[in-house]
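Colleague: One structure follows; several queries about it will come next.
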Amino acid sequence: MFAIGGSGILLWNPEISSYIVPGWVLNVATLVHSEEALLAALFIFTVHFFNTHFVPDKFPMDRLIFTGTYSLEDMKRERPEEFVRLMAEGKIEDLKQPHPSIPLKLVSAAIGLASQLLGLALTSLFIWVIVTM
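The sequence shown maps to residues 1009 to 1141 in my numbering.
Structure representation (structure tokens):
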């Protein structure tokens, strides 16, 4: 965070930064900033993409972000401590919401699939650029 943030601040306005630091520092900042950006992109792809989009139960995307609702089975499986606490406090009935409509589920699945395809296309382009350089 400090590497990409510090180098980004220096590169934000290189004319002013050159009054504060020597010119070679800006060259190093450019290198550090681009390498950190590459690491961030690879982290997002490997960790986020596989742990959120390629989970078989949630493919292509968790509909929770569109509907704002969990099923009780999902809550028991993914948030067992919170489920037990809410059951013990008797608040689970107060939190129940109507089931999302079929059109909302279809729209969320379409947006999810389109987003995933866009992510795969951009990742493919990213890899193609790295390989052809």
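Positions of the beta carbon are idealized from the N, C-alpha and C atoms, including for glycine. None of these values were measured; they are calculated from a predicted model.
#1: Comparing alpha-carbon positions, which option in THR1131, TYR1078 and VAL1137 lies nearest PHE1057?
#2: Would you mind reading off the limits of the alpha helix (DSSP H) that contains PRO1088?
#3: Who are the near neighbours of PHE1091 in its chain, counting only those whose CB is closer than 7 Å to its CB and skipping five residues on each side?
#4: Are there 16 or more other CB atoms within 10 angstroms of the CB of TYR1078, so buried, or fewer, so exposed?
#5: Going by Cα to Cα distance, which pick from PRO1030, PRO1068, VAL1139 and GLY1014 is closest to ALA1117?
#6: Is LEU1103 closer than 8 Å to LEU1114 when the C-beta atoms are compared?
#7: Hey, quick one: how far does the alpha helix (DSSP H) through GLY1031 stretch, first residue to last?
#8: What span of residues does the alpha helix (DSSP H) with GLY1076 cover, start to end?
#9: Could you give the distance in angstroms between the alpha-carbon of LEU1019 and the alpha-carbon of LEU1034?
#10: With C-beta atoms as the reference, is ILE1024 less than 8 Å away from GLU1044?
#11: Since I believe PHE1074 is in contact with LEU1112 (beta carbons under 8 Å), could you give me their beta-carbon distance rounded to a whole number of angstroms?
Modeller: With the structure as the only source:
#1: THR1131
#2: 1088 to 1097
#3: MET1083 and LYS1084
#4: buried
#5: PRO1068
#6: no
#7: 1031 to 1051
#8: Unbroken run through GLY1076: none, as it is neither H nor E.
#9: 7 Å
#10: no
#11: 7 Å
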